[in-house]
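Q: Those protein sequences? They're chains A and B, same order as listed. If you're matching positions, the first sequence starts at 1 in our numbering and goes up one per residue. If you're matching positions, the second sequence starts at 248 in our numbering and goes up one per residue. Note that the Cβ used here is the ideal one computed from N, Cα and C, for glycine as well. Take a look at the following structure, please.
2 protein chains.
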Amino acid sequence: MNQALSPHAKHYPTPTVMVDIVIFTVEDELLKVLLVKRGIEPFLGHYALPGGAVRIAQDACLEDAARRELIEETGVANTYLEQLYTYGNAQRDPRGWTVSVAYFALVAASEVQLKAGSDAAEARWHSIFGNQVGLLLAFDHAHILQEAIERLRSKLDYTDIAVHLLAQEFTLGEFQHVYEIIMQEKLNKSSFRQRVDRAGIVEPIAGKMRTGANRPAQLYRFVSSEGKRVFFPRSIAWAESKHQRNP
Amino acid sequence: MNQALSPHAKHYPTPTVMVDIVIFTVEDELLKVLLVKRGIEPFLGHYALPGGAVRIAQDACLEDAARRELIEETGVANTYLEQLYTYGNAQRDPRGWTVSVAYFALVAASEVQLKAGSDAAEARWHSIFGNQVGLLLAFDHAHILQEAIERLRSKLDYTDIAVHLLAQEFTLGEFQHVYEIIMQEKLNKSSFRQRVDRAGIVEPIAGKMRTGANRPAQLYRFVSSEGKRVFFPRSIAWAESKHQRNP
DNA sequence: GTAATAGTGTCTCTTAGACAATATGCC
DNA sequence: GGCATATTGTCTAAGAGACACTATTAC
Numbered sequence: 001m002n003q004a005l006s007p008h009a010k011h012y013p014t015p016t017v018m019v020d021i022v023i024f025t026v027e028d029e030l031l032k033v034l035l036v037k038r039g040i041e042p043f044l045g046h047y048a049l050p051g052g053a054v055r056i057a058q059d060a061c062l063e064d065a066a067r068r069e070l071i072e073e074t075g076v077a078n079t080y081l082e083q084l085y086t087y088g089n090a091q092r093d094p095r096g097w098t099v100s101v102a103y104f105a106l107v108a109a110s111e112v113q114l115k116a117g118s119d120a121a122e123a124r125w126h127s128i129f130g131n132q133v134g135l136l137l138a139f140d141h142a143h144i145l146q147e148a149i150e151r152l153r154s155k156l157d158y159t160d161i162a163v164h165l166l167a168q169e170f171t172l173g174e175f176q177h178v179y180e181i182i183m184q185e186k187l188n189k190s191s192f193r194q195r196v197d198r199a200g201i202v203e204p205i206a207g208k209m210r211t212g213a214n215r216p217a218q219l220y221r222f223v224s225s226e227g228k229r230v231f232f233p234r235s236i237a238w239a240e241s242k243h244q245r246n247p
Numbered sequence: 248m249n250q251a252l253s254p255h256a257k258h259y260p261t262p263t264v265m266v267d268i269v270i271f272t273v274e275d276e277l278l279k280v281l282l283v284k285r286g287i288e289p290f291l292g293h294y295a296l297p298g299g300a301v302r303i304a305q306d307a308c309l310e311d312a313a314r315r316e317l318i319e320e321t322g323v324a325n326t327y328l329e330q331l332y333t334y335g336n337a338q339r340d341p342r343g344w345t346v347s348v349a350y351f352a353l354v355a356a357s358e359v360q361l362k363a364g365s366d367a368a369e370a371r372w373h374s375i376f377g378n379q380v381g382l383l384l385a386f387d388h389a390h391i392l393q394e395a396i397e398r399l400r401s402k403l404d405y406t407d408i409a410v411h412l413l414a415q416e417f418t419l420g421e422f423q424h425v426y427e428i429i430m431q432e433k434l435n436k437s438s439f440r441q442r443v444d445r446a447g448i449v450e451p452i453a454g455k456m457r458t459g460a461n462r463p464a465q466l467y468r469f470v471s472s473e474g475k476r477v478f479f480p481r482s483i484a485w486a487e488s489k490h491q492r493n494p
């Protein structure tokens with residue numbers, strides 16, 4: 001049933017190819033992921049990652065397919081999108097051998113316009129606690145989500161991707177706070193600022209401050225490094241080596 | 248032609264799924280990659296990465312397909328194998344929209360038994376200079392190879408995967424030398440030893456030494472960390488910050 | 001004034017890298 | 001002894017983390 005014939009040399013039947021996206025945002029002090037309620041079998045009524053079959057007539061490449069899904073669901077066209085991993089086996093879909101190329105995206109909550117996709121009854125943000133949402137997900141999506149969360153946490157450690165979870169203008173305090181929400185631990189303020197400063201990934205917006213019931217904070221904007229990710233020379237924190245001054 | 252119908256909801260035609268492997272070894276002071284000469288069209292007579300279509304009747308999952316190819320080509324069953332990236336678009340194969348899930352493997356030259364695969368006329372090691380071999384490769388395989396080399400170099404920086412390029416027993420000098428061959432630069436001896444020592448990734452084999460025209464060297468073996476990769480707290484060398492004591 | 005957050009400075013600790021000294025085999 | 005490589009030690013510098021201090025707004 002799932003074994004369409006391939007035109008290649010030996011005519012092996014080929015698996016169905018899907019693209020699924022783990023879309024993260026940070027909102028209300030929580031890391032959240034976008035999930036859609038399935039309107040069709042299998043797993044009718046269960047929540048799942050947004051995604052669908054690759055459409056070879058429309059999509060020039062896999063990333064285009066992922067970006068199409070991302071725009072359909074959130075309306076956000078230009079944001080951080082990265083291929084996560086490709087899952088393929090005979091068990092993950094009851095209909096047979098399938099391959100899912102999973103991507104993960106980071107969007108600023110303020111820029112998202114949720115629209116219900118054509119075959120998704122409902123698309124909603126779900127809070128992440130630990131390594132999961134408190135729901136049974138369709139297919140192996142709980143597993144994919146878990147690996148995406150691990151990848152996100154691991155990349156926060158040595159790259160600057162977290163800026164893509166923020167609005168265009170942000171304070172260093174907000175930037176640090178995003179780290180703290182996702183990593184679930186407090187960071188050192190001066191280390192964080194020094195690290196961000198040396199990496200040259202943000203620049204102050206002259207004369208722009210965020211005011212509130214406290215000292216106004218300088219607003220910054222992300223300095224695009226032309227596709228090149230910024231890496232930090234050291235991990236932001238290295239377990240086993242936390243020390244106190246007065247033990 | 249390439250658009251077999253998928254059994255899924257909207258019956259989109261689905262691309263062909265292939266698995267390709269970049270198999271690295273270090274031999275004769277050089278980083279090498281295994282390439283096979285294609286015996287069929289397209290790209291008949293060109294060199295290509297070992298690989299082929301996923302066989303959904305035989306392969307339980309994508310990694311099994313990759314491991315099957317690896318064993319067919321090298322005879323090596325248990326070694327380092329990691330998913331690299333998934334390439335999928337309409338242009339990479341003249342026959343139409345295809346998806347290739349690329350893996351990369353590290354093997355010890357001493358453990359390889361090259362066998363010509365069934366549809367590969369010739370399988371041979373090719374030396375890598377810079378980011379390429381001196382050959383025109385089939386499909387987008389030059390691009391895949393380049394990304395695999397980058398990934399390998401990048402991972403040497405913060406993981407211990409290079410041990411998989413060595414025989415079971417090796418000296419620290421040999422271990423360091425593998426790094427130097429791949430990274431194309433000399434490393435500091437005491438830093439290297441300190442780093443390897445602290446990471447606890449190798450252990451001396453009591454009473455076993457490698458002899459030659461010099462002081463005998465202690466032989467070590469890799470300490471398996473039960474599937475967990477070992478990460479180093481810092482990059483092995485961070486550009487822009489090289490300093491000399493007497494400038 | 002107080003509360004609250006912004007921003008800076010100082011000290012310590014870990015680890016990489018430069019460089020050198022010593023060790024030990026074979027010839 | 002001489003050569004070549006192994007192994008260890010000492011010093012410096014970069015950068016992370018602890019902690020504390022000052023700054024500036026709203027109230």
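Which residues in chain A sit within 8 angstroms of N336/B, going by Cβ to Cβ distance?
A: Position 89 of the second sequence holds residue 336/B. Here the neighbours are A60, C61, L62.
Q: Beta strand (DSSP E) containing V264/B: first to last residue?
A: What you label residue 264/B is simply residue 17 of the second sequence in a count that begins at 1. Counting along the chain, the beta strand (DSSP E) containing V264/B begins and ends at 263-274.
Q: Is F43/A near A138/A, with beta carbons less than 7 angstroms apart?
A: As a position in the first sequence, residue 43/A is number 43, starting the count at 1. As a position in the first sequence, residue 138/A is number 138, starting the count at 1. A contact, by the Cβ cut-off of 7 angstroms.
Q: Using alpha carbons as the reference points, say which of D267/B, H293/B, A356/B lies closest to R314/B.
A: Start at 1 with the first residue of the second sequence, and residue 314/B comes out as number 67. Ranking the options by Cα distance to R314/B, first place goes to D267/B.
Q: Consider the Cβ of V425/B: report whether some Cβ of chain A lies at a distance smaller than 7 angstroms.
A: Walking along the second sequence from the start, residue 425/B turns up at place 178. It does not; no Cβ of chain A falls within 7 angstroms.
Q: Measure the beta-carbon distance from Y220/A to E203/A and round it to whole angstroms, keeping in mind my assumption that it falls under 8 angstroms.
A: Taking the first residue of the first sequence as 1, we reach residue 220/A at position 220. Taking the first residue of the first sequence as 1, we reach residue 203/A at position 203. 6 angstroms between Cβ atoms; contact.
Q: Could you check what DSSP says for Q441/B in three-state terms: helix, strand or coil?
A: If you number the second sequence from 1, residue 441/B lands on position 194. In this structure, Q441/B counts as helix in the three-state DSSP scheme.
Q: Just by C-beta distance, which residues in the segment 12-36 of chain A are closer than 7 angstroms to chain B?
A: The segment 12-36 of chain A vs chain B, Cβ under 7 angstroms: Y12, P13, T14, P15, T16, V17.
Q: Does DSSP classify K362/B as helix, strand or coil?
A: Within the second sequence, the letter at position 115 stands for residue 362/B. Coil, per DSSP.
Q: Determine the closest residue to Q379/B out of R339/B, A409/B, L317/B, L277/B, with distance taken between C-alpha atoms.
A: Residue numbering aside, residue 379/B sits at position 132 when the second sequence is read from its first letter. That would be L277/B, whose Cα lies nearest to the Cα of Q379/B.
Q: Here's the rule: buried if 16 or more other CB atoms are within 10 angstroms of the residue's CB, otherwise exposed. What is E288/B?
A: Position 41 of the second sequence, counted from the start, is the residue given in the question as residue 288/B. Its Cβ having fewer than 16 others within 10 Å, E288/B is exposed.
Q: Going along chain A in order, which residues have a C-beta closer than 9 angstroms to the C-beta of V348/B?
A: As a working mapping, residue 348/B is identified with position 101 in the second sequence. Going along chain A in sequence order, the residues near V348/B (Cβ under 9 angstroms) are T86, G88, V99, V101.
Q: Measure the alpha-carbon distance for F439/B versus I391/B and round it to whole angstroms.
A: Position 192 of the second sequence, counting from 1, holds the residue named residue 439/B. Position 144 of the second sequence, counting from 1, holds the residue named residue 391/B. Their Cα atoms are separated by approximately 30 angstroms.
Q: Report the residue from I448/B, M456/B, A356/B, T263/B whose alpha carbon sits nearest the alpha carbon of R339/B.
A: Position 92 of the second sequence, counted from the start, is the residue given in the question as residue 339/B. Comparing Cα positions, the closest option is T263/B.
Q: When the Cα atoms are used, what is the spatial distance from P50/A to E369/B?
A: Numbered from its first residue, the first sequence carries residue 50/A at position 50. Numbered from its first residue, the second sequence carries residue 369/B at position 122. Between P50/A and E369/B, the C-alpha separation is close to 44 angstroms.
Q: Give me the subset of the segment 289-303 of chain B whose CB atoms are less than 7 angstroms from a CB atom of chain A, sorted by chain position.
A: Flagged, chain order: A300, V301, R302, I303.
Q: Starting from Q330/B, find everything on chain A with Cβ-Cβ shorter than 8 angstroms and list it in chain order.
A: Indexing the second sequence from 1 puts residue 330/B at position 83. Correct list: Y85, T86.
Q: Ends of the beta strand (DSSP E) at I205/A?
A: Residue numbering aside, residue 205/A sits at position 205 when the first sequence is read from its first letter. Run containing I205/A: 202-212, per the beta strand (DSSP E) assignment.
Q: Between which two residues does the alpha helix (DSSP H) carrying A312/B extend?
A: In the second sequence, counting from the first residue as 1, residue 312/B sits at position 65. Where A312/B is concerned, the enclosing alpha helix (DSSP H) stretches over 309-321.
Q: Excluding the 5 residues preceding and the 5 following V500/B in the sequence, name in chain order all residues of the same chain whose CB lies nearer than 6 angstroms to its CB.
A: Absent from the model: residue 500/B. The displayed extent of chain B is 248 to 494, so no value can be given.
Q: What separation, rounded to the nearest whole angstrom, lies between the Cα atoms of A355/B and N78/A?
A: Numbered from its first residue, the second sequence carries residue 355/B at position 108. Numbered from its first residue, the first sequence carries residue 78/A at position 78. The straight-line gap from Cα to Cα measures roughly 43 angstroms.
Q: Start and end of the beta strand (DSSP E) containing F104/A?
A: As a position in the first sequence, residue 104/A is number 104, starting the count at 1. Taken as a continuous stretch (DSSP letters only), the beta strand (DSSP E) holding F104/A covers 98-106.
Q: Nearest by alpha-carbon distance to G75/A: which of A105/A, G212/A, Q83/A, C61/A is it?
A: Counted from its first residue, the first sequence places residue 75/A at position 75. When only C-alpha atoms are compared, the closest one is A105/A.
Q: Using the rule of at least 16 other Cβ atoms within 10 Å of the residue's Cβ for burial, across every protein chain shown, is A367/B buried or exposed?
A: For the purposes of this step, residue 367/B is taken as the residue at position 120 of the second sequence. With a pLDDT of 48 at A367/B, under the threshold of 50, the predicted position of this residue should be treated as unreliable, and no value is reported.
Q: On the CB-based measure, 16 or more other CB atoms within 10 Å of its CB, does M456/B come out buried or exposed?
A: Locating residue 456/B in the second sequence gives position 209, counting from the first residue. Result: exposed.
Q: State the start and end residues of the unbroken beta strand (DSSP E) segment that holds L281/B.
A: The sequence position of residue 281/B within the second sequence is 34, counting from 1. Here the beta strand (DSSP E) through L281/B covers 277-285.
Q: Ordered along the chain, which non-local residues of its own chain (more than five positions away) have a Cβ less than 6 angstroms from that of I396/B?
A: Counted from its first residue, the second sequence places residue 396/B at position 149. Result list for I396/B: N378, in chain order.
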